[in-house]
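Inspection log for the structure reproduced underneath, given as structure tokens.
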């Protein structure tokens, strides 16, 4: 084998050595998915802890722009769950620094979710805007969420596992 062949073979051998045989890859950990889901376990920000008592710690995911947080009560989120907690998410938006750019925009939180690497897309709505919800999706994997409410927008990724 020439020098170029050895150079190209080295990364393949290294990657093969890092892969556990028979272990399924989790969507949040797979570099190929492009999933940016990052569940925080620490304290909720002050603007998102109304209604909580004490230290206000709960699993949560921030929107990419920091305009909204998803507080996860059914962690991990799961597809096809028949027992245990539901996929309850409390959506809390950061107080607007300025009045809504469009005061006629509906307050309803519209969630457009796309399964990473596919054309599978679902839309969910939370009437009245950010608040408590049950957000189910049809398949396990990393879901890219586009969030729209009251003339505001943000995005985030959430991972759903098979139940």
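In the working numbering, the protein residues as written are 65 to 227. For each residue, glycine too, the CB sits at the ideal point set by N, CA and C. Please read these numbers as outputs of a predicted model, since none were measured by experiment.
query                                                                                                                                       : result
Compare the C-alpha of residue 151 against each of 198, 207 and 215 and name the closest.                                                   : 198
Can you tell me the Cα-Cα spacing of residue 210 and residue 174, whole angstroms?                                                          : 8 Å
Have a look at 217, 223 and 227 and flag the residue whose alpha-carbon is nearest the alpha-carbon of residue 208.                         : 223
Residue 110 by DSSP, collapsed to three states: which one?                                                                                  : helix
Check this for me: beta carbons of residue 158 and residue 132, under 9 Å apart or not?                                                     : yes
Going by the DSSP bridge assignment, what does residue 212 pair with across the sheet?                                                      : 174 and 217
Measuring straight from C-alpha to C-alpha, what distance separates residue 214 and residue 155?                                            : 14 Å
Please classify residue 194 as buried or exposed, where buried requires at least 16 neighbouring CB atoms within 10 angstroms.              : buried
Assign residue 191 to one of two classes, buried (16 or more other C-beta atoms within 10 Å of its C-beta) or exposed (fewer than that).    : exposed
Once you ignore the five residues that flank residue 121 on each side, which residues in its own chain have a CB closer than 8 Å to its CB? : 105, 106, 107 and 108
Cα-Cα, which of 123, 98 and 187 is closest to residue 134?                                                                                  : 123
Taking only three categories from DSSP, how would you classify residue 201?                                                                 : coil
Going by DSSP, what residue range makes up the beta strand (DSSP E) through residue 103?                                                    : Careful: residue 103 lies outside any beta strand (DSSP E) and carries neither H nor E.
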